[in-house]
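Line by line, the protein sequences give chains A and B.
Taking our numbering, the leading residue of the first sequence gets 2, the next gets one more, and so forth.
Taking our numbering, the leading residue of the second sequence gets 12, the next gets one more, and so forth.
Note that the Cβ used here is the ideal one computed from N, Cα and C, for glycine as well.
Every value quoted in this text rests on a predicted model; they were computed, and no experiment measured them.
Just below is one structure, and these are the notes that go with it.
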Amino acid sequence: MTRKLLRNVGVPVLSLLLLLALWQGIVVGFNVAPYVAPRPWEAILSVTQNWSTIWPLALGTIRETVYGFLIGALLGVFLGVVMAKIPVLQRSVYPVLVLSQAVPIIALASPLVLILGFSITPKIVIVAWIVFFPVTVNVVDGLSHVDPDLINLARVYGAPRWRTFVHIEMPATTTPLFSGLKIGATYAVTGAVIGELAASEGSSLALYQEHANSNLNAAAVYGTTMVMTAIGISWFLLVVATEVAATPWQRRSVARHYPWRRARSEASAATSIVSSLSKGES
Amino acid sequence: MENTLLELRGVTKRFGDATALAETSLSIHEGSFVAIVGPSGCGKSTLFNVIAGLLAPDGGEVRLQGELVTGATGHVGYMLQKDLLVPWRTVEDNITMAARLTRRVTSADRAEARRVATEYGLGDFLRHYPRALSGGMRQRVAFMRTLVTHQPLLLLDEPFGALDAQTRLDMQQWLLQVWRDTGRTVLFITHDVDESLFLSDRVLVMSPRPGRVVADITNPLARPRDMETLTDPAFIELKSRIMHLLHGGAS
């Protein structure tokens with residue numbers, strides 16, 4: 002158990018520390034001026050010292066990331082299912098979706114702000130725009146690769162199509178679905194930051210960074226980047242944790258007791274104790 | 012005289028220019044164990060898929076207990092060489108899969124799954140996921156899933172084809188035991204002549220191009236059968252007869 006913990010948490014933390022050490026080594030070794038690139042410690046300090054300013058801004062970015070991700074994920078699953086089930090739609094909609102991703106998102110951000118205003122809406126739209134695509138692609142692939150024999154088995158049983166979909170096709174697509182969600186999760190925060198930059202008004206993490214940059218405050222620029230990255234990583238890890246919780250069969254050999262079935266098995270255990278006692282007496 | 016459970020009248024099936032199944036008529040008695048042997052491409056699986064309703068025949072009709080079921084599904088138990096257990100469900104939940112796919116799973120379904128699993132030696136594995144089971148255990152779960160559908164006719168398409176020889180022999184004996192206990196009718200596809208003779212009351216020999224039944228052989232070997240059966244002179248004689256039919260041998 003401790004070995005496993007060490008491997009799963011210790012090794013990533015160690016590689017992160019090595020990365021910071023490398024940064025420190027380069028900045029010190031090449032004698033880089035502090036206004037060009039700060040030392041890691043200075044960047045971290047600039048975040049902690051300005052935490053009361055940064056946290057509300059970060060909260061805004063988190064909100065954009067999360068809302069955009071959830072909308073994008075739902076949209077992605079919906080489009081994936083519809084396209085996998087209706088071949089005509091797959092042929093007609095797929096090229097449009099590819100087109101939507103070929104457009105540089107930065108070129109789209111400013112018109113979106115113009116249309117949707119300076120609110121949170123354009124940011125959510127940009128995040129969803131980025132997130133939905135890998136989800137759709139993976140869901141379409143997953144649904145079209147479900148074992149046809151399994152679907153035939155359901156047919157032999159006389160299963161209606163919607164039950165086959167709910168109990169066979171969707172669960173069989175869990176792994177590709179989460180692959181899409183994980184890709185989306187890593188890009189989501191980038192979308193939020195692009196949206197904030199395009200808005201160029203109001204207060205946001207991206208504009209805080211812009212401001213620091215124009216003041217030649219490299220420590221704050223790097224510090225803000227670290228905060229943005231931390232948001233991205235945290236969201237990714239949350240998606241991974243959700244996958245782990247949702248797919249116990251990929252790691253466990255034996256299912257946990259379902260809470261609603263526990264009562265019965267305890268009752269049967271009690272019966273067997275009673276019966277073994279009565280045997281002992283006779 | 013026993014009752015006829017399944018009756019095929021003049022069933023044919025073509026795929027493009029190829030005749031997968033030439034006009035076939037069959038009558039299967041209730042409670043019997045019928046093996047179908049033949050090389051690949053002889054239409055065994057096509058025959059099964061027509062009976063199961065997965066394929067609509069080009070001609071002819073399929074009757075189950077006198078009722079016309081041509082091209083309809085939901086009236087047989089069906090099992091393939093692939094166990095088709097879903098990895099995200101436990102053994103218990105895999106056994107109740109047919110119920111889940113057609114209606115709501117009841118506590119009676121679960122109780123039956125537990126009873127069947129316990130009776131046939133998998134009681135300790137009810138909460139295991141399929142990945143934790145051996146090939147033989149997985150096939151047994153797949154068979155239990157087929158059994159609890161309560162269909163009178165079970166179509167088994169080379170169910171033990173992927174197992175090693177020892178496990179396969181255990182499974183054959185186990186299958187005979189379950190068949191005796193439950194009184195179901197079994198149609199069993201195999202390409203293994205020994206297996207067909209060891210299990211069945213009757214062997215249908217099929218041949219390709221066009222796929223058809225070329226011989227209908229009554230298997231008189233006494234039950235219960237065991238290892239001795241495999242060396243019985245009557246067994247050897249039947250085996251050689253079927254081998255000749257299969258390989259077009261000069262006899």
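Check	Outcome
So, for Asn105/B: in the same chain, excluding its five sequence neighbours on each side, which residues have a beta-carbon less than 7 Å away from its beta-carbon?	Leu96, Val97, Pro141, Val152, Arg156
Quick one: Cα of Glu130/B to Cα of Asp181/B, how far?	16 Å
Quick check: the Cα distance between Ile131/A and Gly73/A, rounded to an integer number of angstroms?	8 Å
With a floor of 3 residues, list each beta strand (DSSP E) that falls wholly inside the stretch 123-204 of chain B, ordered by position along the chain.	164-168, 196-201
By Cβ distance, which residues of its chain are closer than 7 Å to Ala63/B, with the 5 residues on each side in sequence left out?	Thr84, Val87, Tyr89, Leu166
Where does the unbroken alpha helix (DSSP H) through Ile247/B begin, and where does it stop?	244-257
With 16 other CB atoms within 10 Å as the buried threshold, where does Ala207/A fall?	buried
Round the Cβ separation of Gly185/A and Pro135/A to the nearest angstrom and send it over; I've been treating them as touching at under 8 Å.	5 Å
Closest to Leu213/B by C-alpha separation, out of Pro219/B, Asp205/B, Arg220/B, would be which residue?	Note that residue 213/B is Arg in the sequence shown, not Leu. Closest option to Arg213/B, Cα to Cα, is Asp205/B.
Report back the beta-carbon spacing between Leu91/B and Asp168/B to the nearest angstrom; my notes put them in contact at under 8 Å.	5 Å
What does Arg109/B reach in chain A if we use C-beta pairs closer than 7 Å?	Just to set this straight, residue 109/B is Ala in the shown sequence, not Arg. Result: Tyr158.
Closer than 8 Å by beta-carbon distance: list the chain B residues that pair up with His146/A, in chain order.	Within chain B, no residue comes near His146/A; the closest Cβ sits about 14 Å away, beyond 8 Å.
Any Cβ of chain A within less than 9 Å of the Cβ of Leu65/B?	yes
Here's the rule: buried if 16 or more other CB atoms are within 10 angstroms of the residue's CB, otherwise exposed. What is Met238/B?	exposed
Flag Tyr223/A as yes when its Cβ comes closer than 8 Å to any non-hydrogen atom of the ligand FAD, and as no otherwise.	Although the ligand FAD was asked about, the structure shown includes no ligands whatsoever.
Hey, out of Ser51/B, Val127/B, Pro170/B, whose CA is closest to Asp94/B's CA?	Pro170/B
Look at the alpha carbon of Val6/B and the alpha carbon of Gly259/B, and state the distance between them as a whole number of angstroms.	Examination of residue 6/B is not possible in this model, given that chain B is present from 12 through 262 alone.
Answer with yes or no whether the minimum CB distance from Tyr131/B to chain A is below 9 Å.	no
Quick one: measure Cβ to Cβ for Met229/A and Thr62/A, integer angstroms, because I've assumed they're closer than 8 Å.	7 Å
Listing by chain order, which chain A residues have their CB less than 8 Å from the CB of Thr117/B?	Those within 8 Å of Thr117/B in chain A number zero; the least Cβ separation is about 13 Å.
Should Ile116/A and Gly69/A be called a contact, given that it needs their Cβ atoms to be closer than 9 Å?	no
Measuring CB to CB, does Leu232/B end up less than 9 Å from Ala46/B?	no
Taking CB distances under 9 Å as the criterion, tell me whether His255/B reaches chain A.	no
Does chain B have any CB closer than 9 Å to the CB of Ser180/A?	no
Would you tell me roughly how many angstroms separate the C-alpha atoms of Lys183/A and Leu144/B, rounded to the nearest one?	30 Å
If you drop the 5 nearest sequence neighbours on each side, which residues of the same chain put their C-beta closer than 6 Å to that of Leu80/A?	Thr137
Using a Cβ cut-off of 8 Å, pull out every chain D residue sitting near Thr165/A, in sequence order please.	No chain D appears in this structure, whose protein chains are A and B.
Here's a check: name, in chain order, each residue in its chain whose Cβ is nearer than 6 Å to the Cβ of Leu257/B, leaving out the five neighbours to either side.	none
Quick one: list the residues of chain A neighbouring Thr81/B, beta-carbon separation under 9 Å, in chain order.	Those within 9 Å of Thr81/B in chain A number zero; the least Cβ separation is about 15 Å.
Return the chain-ordered list of same chain residues with a C-beta closer than 8 Å to the C-beta of Ala34/A, the five sequence neighbours on each side being excluded.	none
For a test of the three-state rule: what should DSSP assign to Ile131/A, helix, strand or coil?	helix
So for His212/A, helix, strand or coil by DSSP?	helix
Compute the beta-carbon to beta-carbon distance between Gly82/B and Thr23/B, rounded to the nearest angstrom, for a pair I have assumed lies under 8 Å.	Rounded, the Cβ-Cβ distance is 13 Å, inconsistent with contact.
Strictly below 7 Å CB to CB, what residues from chain A border Lys24/B?	In chain order: nothing, as chain A lies at least about 16 Å away.
With distances taken from CA atoms, which of Ala108/A, Phe119/A, Met171/A, Gly159/A is nearest Leu144/A?	Met171/A
Quick check: the Cα distance between Leu58/B and Leu32/B, rounded to an integer number of angstroms?	7 Å
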